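To keep things clear, I will list the structure first and then write my remarks on it.
Number of protein chains: 2
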Amino acid sequence: MNEWLEKTLKELNLVDTMDQPIGFTRLGYSVEELESIKAFKKVANELDLMVHSDQAGNTFARWEGATDFPVVMTGSHLDTVESGGGYDGVAGVLCALGAIKRLKEKGFQPKHPIEVVCFASEESARFGVSTIGSKSVAGILDKSVENVQDRHGVTIKEAIESTGLNWSNIEEAERPKNEIKSFVELHIEQGTQIEDHRAHFGIVRGVACPIRLKVKATGMAGHTGTTPMGKRKDALVALAPLITYVSQEAERLSAISSKPLVATVSTMEVKPNGMNVIPGYIELGIDIRSVDDSLKRQMADKIIQKCTILETKFNVTINIETLVDNPSILLDEKLTASVKAAGEQLGYISYEMDSGAGHDVMNMAAKWPSALIFIPCEEGISHHPKEHSTISDLQTGVDILTAVLQQEAGE
Amino acid sequence: MNEWLEKTLKELNLVDTMDQPIGFTRLGYSVEELESIKAFKKVANELDLMVHSDQAGNTFARWEGATDFPVVMTGSHLDTVESGGGYDGVAGVLCALGAIKRLKEKGFQPKHPIEVVCFASEESARFGVSTIGSKSVAGILDKSVENVQDRHGVTIKEAIESTGLNWSNIEEAERPKNEIKSFVELHIEQGTQIEDHRAHFGIVRGVACPIRLKVKATGMAGHTGTTPMGKRKDALVALAPLITYVSQEAERLSAISSKPLVATVSTMEVKPNGMNVIPGYIELGIDIRSVDDSLKRQMADKIIQKCTILETKFNVTINIETLVDNPSILLDEKLTASVKAAGEQLGYISYEMDSGAGHDVMNMAAKWPSALIFIPCEEGISHHPKEHSTISDLQTGVDILTAVLQQEAGE
């Protein structure tokens, strides 16, 4: 199995070695994502699975059961951020395929059909809109995003249609409630809690969905050499303290609360961004996460208050737009408990935790009993070329998924 | 004259009205700069001046004198920053042409030839390299800049050659010392000192050349939702205090020093700049100016010290590159005194000051007696669509330049 995992990991990542200093770039609905899906189809065919795609670009490899439905579903995604790692998403697809291989080798006969899914465009890296594929399957995609553009001006609609699909048919990707029994996703942790607690896998209770703010400050551009310090309306100087504040206040709030909170100024645009011009306009993107929605709201409100103070102090105009404000998602208690028990029966130590990152499972959980398994990734490094899970961690994932699928599909 | 100034101002700016909400964009060696030079040639021809260009793209409109040389030269530039104003550069060319018109109308016969110059590519907006035209005339252009690129990847060499010139001949633009008697530039102040001191024009003693630093911080990218606050190496959080420090320290140093100092974090690049990724890499551009070179050095040293503290505190790696470090330029005392006297004899109140911005005159001053006249621009707003000097200010400029040229070319 180890050899098969190593080989298939590289196949899904379209590389000969996982040592890629510039990382992996497979944006949603890009040629690179399609290539990776093609590699997935090849592996699925080798395992005698039937592959089909839907109108959102999701791909399913199906093992027929004694009954036609409901389906036991597992999987994740194959797209990445820019210069990301080779495990985020891929690990879940790979371990699902590995579990199928194991079950086939054991001669298991599923009662329920099993489907391994590759959800399309999970990352928000390209359009700022995440989990387009799984939202479509759950029937919760907001079609008003069709004209949201990537940084080259390509809209979501255009990107999807460039892969041969028809945007106006995307609703057809929705699956009826009675067609699916349960969904289990496996993903890399993208943090160090499993490692810190000397566990082997994480079992996730809730997914922290973000509040995302766009803070825009308008001051006054001017010549850097001729505008005295006291006469400036420098938008960058006005917002610099906000960067420090977001970091310090998130750390403070997190320390005094029962649930963790993280907040990040992650994007920034400076205009006109010329060496001899005072910055007249700044845009900051802020990402706030906690499974405790009220703590998240508290942090956002503090940022808004801080902006009011900075606006007056630095004589600039600050506007704040809320891009995203989704409540956090709790996963299915019964399924989660049974996944946890399955892992522990295999001798693995579990750690119960929350997920700071959004995953496809949060959309599936809106409609079907769903669970999320984390496997460790070294030093918590993710969305980075150095992202790495060991073959032993992937093996743990295969072991647990094998047990879970056997139980779910055999019942 | 007022009507002619208004009409010619618009002609040189290639517009029908100076009210341009998105400003003026004529980058160095662009099609737009060439169009403006074409408009200059038309006006020069109407004034019966002979126009010629050199191998650096500078354009000269010449009024022959009784002797062949040395030439009395005046003028400025026609290129702008992106979305800049219509007076920076243009005012100096316009007032020079206006002075010629006035002298011709008076029947003045110059002993020395007079040349009105439009120096090519004065602004650093396109390449980060300023005053390419006047450096070439003074013979101090560093030819190693040939491969410096604009943000579209076009090199200086390619840009110059796209206008029909040959980079390998650019040295031919140098003028021998004995060919030029003196150079007087008129420019908008780009500040409010003239206005603050209730004067009509500024007479400049020295030009503050910048120290420019590029500060690069490398931390570690990571997922914004899964990396606890205490485990981050956020490059943006590490450099945010530097933005505040540069502004506060410049204000403090300036207040306790005999010469003013300004310092600005003017450019910024954040990588990967994705909503769900912690900034792993930041680049800041810092522009420091004062005619007091030691004060400028002191500010740069303080920035370097501050970076050492931030590097340790935030566990990131900081590298600092010095892009530019030029000593400040003192203008010709005798010529400056005579320009000042000429203005005062016309009843205008002068204010002696330093220039925080670099101008073509600083290169000319390296070789020939040179002076710089400032006219006011409203509220000191410059490099901005709202940049504005009144027709009355331009008239003041014409009056003073007329007197100066009459004196310099008549002697």
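Residue numbers (our numbering), protein chains in the order written: chain A, 1 to 411; chain B, 1001 to 1411.
Ideal Cβ placement from N, Cα and C applies to all residues, glycine included.
Just so we're clear, the structure is a prediction, and the values are computed from it rather than from any experiment.
Coarse secondary structure for residue i, derived from DSSP in three states
i	result
residue 1169/B	helix
residue 1316/B	coil
residue 1245/B	helix
residue 1097/B	helix
residue 1425/B	Past the boundaries of the shown model lies residue 1425/B; chain B is included only from 1001 to 1411, so the question cannot be answered.
residue 1402/B	helix
residue 157/A	helix
residue 83/A	coil
residue 1361/B	helix
residue 1163/B	coil
residue 1325/B	strand
residue 1078/B	coil
residue 1346/B	coil
residue 257/A	coil
Buried or exposed (CB count within 10 angstroms, at least 16 for buried), residue i
i	result
residue 1152/B	exposed
residue 406/A	buried
residue 1256/B	exposed
residue 360/A	buried
residue 1021/B	exposed
Closest Cα partner of residue i within the set the options
i	options	result
residue 41/A	165/A, 309/A, 12/A	12/A
residue 175/A	185/A, 342/A, 117/A, 259/A	117/A
residue 1071/B	1401/B, 1191/B, 1113/B	1113/B
residue 1310/B	1015/B, 1395/B, 1241/B, 1108/B	1241/B
residue 1357/B	334/A, 346/A, 126/A, 224/A	224/A
residue 1385/B	1017/B, 1024/B, 1335/B, 1101/B	1024/B
residue 1354/B	211/A, 30/A, 327/A, 226/A	226/A
residue 362/A	243/A, 319/A, 254/A, 136/A	136/A
residue 1004/B	1158/B, 1122/B, 1028/B, 1094/B	1094/B
residue 180/A	120/A, 105/A, 370/A	370/A
residue 35/A	20/A, 57/A, 46/A	57/A
residue 1367/B	1018/B, 1270/B, 1182/B, 1172/B	1182/B
residue 335/A	304/A, 372/A, 316/A	372/A
residue 1269/B	1030/B, 1236/B, 1364/B, 1230/B	1236/B
residue 121/A	106/A, 90/A, 102/A, 104/A	90/A
residue 352/A	319/A, 221/A, 167/A, 259/A	259/A
residue 1143/B	1039/B, 1162/B, 1125/B, 1166/B	1166/B
residue 219/A	213/A, 205/A, 234/A, 340/A	234/A
Contact test: residue i Cβ vs the ligand GDP heavy atom, cutoff 7 Å
i	result
residue 1115/B	Because no ligand of any kind appears in the structure shown, any question about the ligand GDP cannot be addressed here.
is_contact[residue i, chain A] using C-beta, thresh 8 Å
i	result
residue 1234/B	yes
residue 1358/B	yes
residue 1289/B	yes
residue 1089/B	no
residue 1082/B	yes
residue 1313/B	no
residue 1297/B	no
residue 1105/B	no
8 Å Cβ cutoff, residue i in contact with chain B
i	result
residue 76/A	no
residue 440/A	Outside the displayed range of chain A (1 to 411) lies residue 440/A, so it cannot be described from this structure.
residue 243/A	yes
residue 198/A	no
residue 221/A	yes
residue 294/A	no
residue 189/A	yes
residue 266/A	yes
Cβ shell of residue i (< 7 Å), same chain only, five flanking positions each side left out
i	result
residue 342/A	400, 403, 404, 407
residue 1382/B	1085, 1088, 1188, 1190
residue 1092/B	1075, 1076, 1185, 1186, 1187
residue 208/A	289, 290, 291, 328, 354, 355, 356
residue 409/A	65, 72, 110, 111, 112, 114
residue 245/A	306
residue 302/A	249
residue 1149/B	1155
Residues near residue i by beta carbon distance below 8 Å, same chain, minus five either side
i	result
residue 1345/B	1403
residue 52/A	59, 60, 62
residue 1261/B	1250, 1253, 1254, 1288, 1289, 1290, 1292, 1295, 1296, 1299
residue 1067/B	1111, 1112, 1113
residue 1049/B	1061, 1062, 1063, 1100, 1116
Beta-carbon proximity list for residue i, same chain, < 6 Å, skipping 5 on both sides
i	result
residue 80/A	24, 26
residue 1325/B	1211
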